[in-house]
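**Q**
As structure tokens, this is what we get:
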């Protein structure tokens, strides 16, 4: 079972939406993947999917009340999730130390686990990093986010984790943004996806669906599918290449 | 769709009660009837989830049976019959997993004796028939009431 944590140095870079859509895209390729809300103090995957009032959550598994396999939920999109509790009491009382042990309880139940981690370097984010074998770092093309991302990479490498690469999120191609090649040289990791700021993302959030499910033909959905295909080493052609277009027109003589 | 699956399961249970159990009078048959009943209620729970989704009462569905029952109890907390059926489902699951012994096999009063944490439960032909009627009436109740709303 692959365990991939989606991490970031700074909060608000769009990590949860990336995790949601990457998991949905992996599912579209027929992979049995579960998304775990590893942000134990600010769990919000349930909120993004419109599922606020769930009887049991990851917090119950951490408190030995339920086994993790009992708290797997299925969203209308087919996405399997393990949500965290949104209650204040649970967020305060939670002990993140058991996260790895609890997530390991999914061994043999799915092909991969995607862990949506908290931002920065805190007790909870360290627990999420510890629970994973591989990391994907999400950042915005802005200096504060990139410098914080560097700290997270250093920490992850010190913990012996494999950082697969960087996802640049909310890219607007504005002059004030740091160029992708600079980010790559600062962080010393490859950029595996560049996701633009896209109105489809906002619409899908309003619909409480991942964009890959609600707007499967959008450019941004194709980018998530590209990313998922890269992760599993599968070929995926999201758009027509120049050669494809030539072939189509060749048929008309 | 889920209701028709439940009906199919209950038909199989009907055959087991009125044919297999009548002629064999074994605890193994009682045990398979309980399994059929659990599957039938599972299908009914899926039908209730479908209905709740249509009514926009729920967005994500649990996959574990016990959590499914607990969620339905919450979703339909104002419907005593549904809540009761979920408790019945949970106890059937406990019975099916419990250690059991056999009494008076091959006779009219064949009984499965299940040892649960809560105590001992004896399931005879009359008891299993009662269970069967309860589920049949519940299917009718859902079909003609709750799911039509």
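Residue numbers (our numbering), protein chains in the order written: chain W, 3 to 255; chain V, 9 to 157.
Glycine included, every Cβ here is placed at the ideal spot set by N, Cα and C.
What are the residues in the stretch 81-106 of chain V lying within 7 Å of chain W by C-beta distance?
**A** Flagged, chain order: 82.
**Q** Can you list, in chain order, the residues of its chain whose CB lies under 7 Å from that of residue 225 of chain W, leaving out five sequence neighbours each side?
**A** In the first chain, the residue the question calls residue 225 of chain W occupies position 223. The residues are 195 and 197.
**Q** Counting only beta-carbon separations shorter than 8 Å, does residue 62 of chain V have a partner in chain W?
**A** Within the second chain, numbered from 1, the residue matching residue 62 of chain V stands at position 54. So no, residue 62 of chain V is outside the interface.
**Q** Tell me whether the beta-carbon of residue 72 of chain W lies closer than 8 Å to the beta-carbon of residue 74 of chain V.
**A** Within the first chain, the letter at position 70 stands for residue 72 of chain W. Within the second chain, the letter at position 66 stands for residue 74 of chain V. Yes; because the gap between Cβ atoms is below 8 Å, this pair is in contact.
**Q** Is there at least one Cβ from chain W nearer than 8 Å to residue 13 of chain V's Cβ?
**A** Within the second chain, numbered from 1, the residue matching residue 13 of chain V stands at position 5. It does not; no Cβ of chain W falls within 8 Å.
**Q** Taking the DSSP output, what are the residues bridged to residue 196 of chain W?
**A** Here the question's residue 196 of chain W lines up with position 194 in the first chain. According to DSSP, residue 196 of chain W bridges with W:170.
**Q** Within 8 Å of any Cβ in chain W, is that where the Cβ of residue 27 of chain V sits?
**A** Residue 27 of chain V sits at position 19 when you count from the first residue of the second chain. Not one chain W Cβ lies under 8 Å of residue 27 of chain V.
**Q** Give me, in chain order, the residues of the same chain whose beta-carbon lies closer than 8 Å to that of residue 220 of chain W; leave out the 5 immediate sequence neighbours on both sides.
**A** Residue 220 of chain W sits at position 218 when you count from the first residue of the first chain. Excluding residues within five positions, the ones whose Cβ falls inside 8 Å are 200, 202 and 213.
**Q** Let me check one thing: in DSSP terms, what residues is residue 5 of chain W bridge-paired to?
**A** Residue numbering aside, residue 5 of chain W sits at position 3 when the first chain is read from its first letter. Residue 5 of chain W is bridged to W:115.
**Q** Taking only heavy atoms of the ligand GTP into account, decide whether any of them is closer than 7 Å to the Cβ of residue 84 of chain V.
**A** Among the ligands in the structure shown, none appear at all, so the ligand GTP cannot be discussed.
**Q** Note the first and the last residue of the continuous beta strand (DSSP E) segment covering residue 39 of chain W.
**A** By 1-based counting over the first chain, the position of residue 39 of chain W is 37. Per DSSP, residue 39 of chain W belongs to the beta strand (DSSP E) from 35-39.
**Q** How many Å lie between residue 153 of chain W and residue 162 of chain W at the Cα?
**A** Here residue 153 of chain W corresponds to residue number 151 of the first chain, with the count starting at 1. Here residue 162 of chain W corresponds to residue number 160 of the first chain, with the count starting at 1. When rounded, the distance between both Cα atoms is 14 Å.
**Q** Going by DSSP, name the residue or residues bridged to residue 111 of chain V.
**A** To locate residue 111 of chain V, count along the second chain from 1; it is residue 103. Residue 111 of chain V pairs with V:119.
**Q** For residue 93 of chain V, I'd like the list of residues in its chain whose CB is within less than 6 Å of its CB, leaving aside the five on either flank, ordered along the chain.
**A** One-based indexing of the second chain puts residue 93 of chain V at position 85. So the qualifying residues of the chain are 146.
**Q** Along the stretch 29-63 of chain V, where does the CB come closer than 8 Å to a CB of chain W? Name the residues.
**A** Answer in chain order: 61.
**Q** I want to verify the contact list: residues of chain W whose CB lies under 9 Å from the CB of residue 78 of chain V, in sequence order.
**A** In the second chain, residue 78 of chain V corresponds to position 70, counting from 1. Residues of chain W passing the Cβ test: 57 and 58.
**Q** How would you call residue 30 of chain W, buried or exposed, if buried means at least 16 neighbouring beta carbons within 10 angstroms?
**A** As a first step, residue 30 of chain W must be located in the first chain, where it is residue number 28. With 16 or more other Cβ atoms within 10 Å, it is buried.
**Q** By a C-beta neighbour count over all protein chains shown, 10 Å radius and 16 as the cutoff for buried, is residue 74 of chain W buried or exposed?
**A** Along the first chain, one-based indexing puts residue 74 of chain W at 72. Per the 10 Å Cβ criterion, buried.
**Q** Skipping 5 residues on each side, what residues in its chain have a beta carbon closer than 8 Å to that of residue 89 of chain V?
**A** In the second chain, counting from the first residue as 1, residue 89 of chain V sits at position 81. Hits under 8 Å: 146 and 149.
**Q** Starting from residue 183 of chain W, follow the alpha helix (DSSP H) in both directions and report where the run begins and ends.
**A** Taking the first residue of the first chain as 1, we reach residue 183 of chain W at position 181. 182-189 is the extent of the alpha helix (DSSP H) around residue 183 of chain W.
**Q** Give a yes or no on whether the C-beta atoms belonging to residue 227 of chain W and residue 238 of chain W are separated by under 8 Å.
**A** Taking the first chain and counting its residues from 1, the one referred to as residue 227 of chain W is at position 225. Taking the first chain and counting its residues from 1, the one referred to as residue 238 of chain W is at position 236. Cβ atoms of residue 227 of chain W and residue 238 of chain W: closer than 8 Å.
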